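Visitor: Taking the working numbering, the leading residue of the sequence shown gets 210, the next gets one more, and so forth.
We put the CB at the ideal spot given by N, CA and C, even for glycine.
Fair warning: this is a prediction, and the values are worked out from it, not measured in the lab.
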Amino acid sequence: MTKKSTGFSHKMIETNVGLLIILSIAVISFAGLAQIVPLFFQHSTTQATPGVEPYEPLHLVGRDIYIREGCVGCHSQQIRMLSSEVQRYGPYSLAGESRYDHPFLWGSKRTGPDLARVGGRYSDDWHRVHLRNPRDVVKESNMPAYPWLQHNSVENENVQTRMKALRTLGVPYTDEQIEKAPEQLKGKTEEDALVAYLQGLGVAGRAAAAKAVAEGEL
Numbered sequence: 210m211t212k213k214s215t216g217f218s219h220k221m222i223e224t225n226v227g228l229l230i231i232l233s234i235a236v237i238s239f240a241g242l243a244q245i246v247p248l249f250f251q252h253s254t255t256q257a258t259p260g261v262e263p264y265e266p267l268h269l270v271g272r273d274i275y276i277r278e279g280c281v282g283c284h285s286q287q288i289r290m291l292s293s294e295v296q297r298y299g300p301y302s303l304a305g306e307s308r309y310d311h312p313f314l315w316g317s318k319r320t321g322p323d324l325a326r327v328g329g330r331y332s333d334d335w336h337r338v339h340l341r342n343p344r345d346v347v348k349e350s351n352m353p354a355y356p357w358l359q360h361n362s363v364e365n366e367n368v369q370t371r372m373k374a375l376r377t378l379g380v381p382y383t384d385e386q387i388e389k390a391p392e393q394l395k396g397k398t399e400e401d402a403l404v405a406y407l408q409g410l411g412v413a414g415r416a417a418a419a420k421a422v423a424e425g426e427l
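#1: Jot down the residue ranges of each uninterrupted alpha helix (DSSP H) in the segment 236 to 313, minimum 4 residues, whole runs only, in chain order.
#2: Counting only the same chain and skipping the five closest in sequence on each side, list residues whose C-beta sits under 8 Å from that of residue 382.
#3: Could you tell me how far apart the beta carbons of residue 288 and residue 281 are, in whole angstroms, since I believe they sit closer than 8 Å?
#4: Taking the alpha-carbon positions, what's the residue 350 to residue 398 distance?
#5: Where do the N-terminal and C-terminal ends of the alpha helix (DSSP H) with residue 223 fall, by residue?
#6: Please list the terminal residues of the continuous alpha helix (DSSP H) segment that includes residue 355.
#7: How far does the alpha helix (DSSP H) with residue 370 in it reach, from first residue to last?
#8: Going by beta-carbon coordinates alone, are residue 323 and residue 369 separated by less than 8 Å?
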């Protein structure tokens, strides 16, 4: 006759749903804390990558247009640490490059290509043609056209309020930058703003990211 065990065992956990849930939560919580908390004290994740500065007013408006038009639903802005991605898009993304992004636009879907390092890859004119009718440059493209952007002015955009709000989140805008912001929007259209934003993506942090790749395994 087998002696009945009265101690702590796997069987006790497996047959007691409440205990199983409590222990699972405890393990997940501990593992999460062990992985996440150190990130708050690492310079690579809490400080901006060298060369990365807060968005200029025109770029900031362009970023808001990027969000408004749903671009983040089809394009990611996060190059992963995979050889295939580095070869296709360039140096993998660093956490510090997104230091001033609120919210982050890393994305999770690539109906279109990743845009983390699209800045400077094409000319301004290419972007304008592509935005007005993508099929004019890529015949098989399923991207929608945005012809109205060239006609919409951004002069009335309250960019100062946005910059003040971002400053409360830790973006180091100065009073002088906020005061002069409307001047940079004079005579500009939504298309100008979006092109400016795209042309700035990944440019400032490219050198630091390339160095990180060179020193790593990729």
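Guide: Looking at the atomic coordinates:
#1: 252 to 255, 266 to 277 and 292 to 298
#2: In the sequence shown, residue 382 corresponds to position 173, counting from 1. Around residue 382: 263, 372, 373, 375 and 376.
#3: Residue numbering aside, residue 288 sits at position 79 when the sequence shown is read from its first letter. Residue numbering aside, residue 281 sits at position 72 when the sequence shown is read from its first letter. The pair is not a contact, with the Cβ atoms about 15 Å apart (cut-off 8 Å).
#4: Within the sequence shown, residue 350 is the residue found at index 141, counting from 1. Within the sequence shown, residue 398 is the residue found at index 189, counting from 1. Answer to the nearest angstrom: the Cα atoms are 25 Å apart.
#5: As a position in the sequence shown, residue 223 is number 14, starting the count at 1. Start and end: 219 to 224.
#6: Here residue 355 is taken as the residue at index 146 of the sequence shown, counted from 1. For residue 355, there is no enclosing alpha helix (DSSP H), as DSSP marks it with neither H nor E.
#7: The residue given as residue 370 occupies position 161 in the sequence shown. That run of the alpha helix (DSSP H) goes 368 to 377.
#8: Residue 323 sits at position 114 when you count from the first residue of the sequence shown. Residue 369 sits at position 160 when you count from the first residue of the sequence shown. The answer is no: Cβ separation not under 8 Å.
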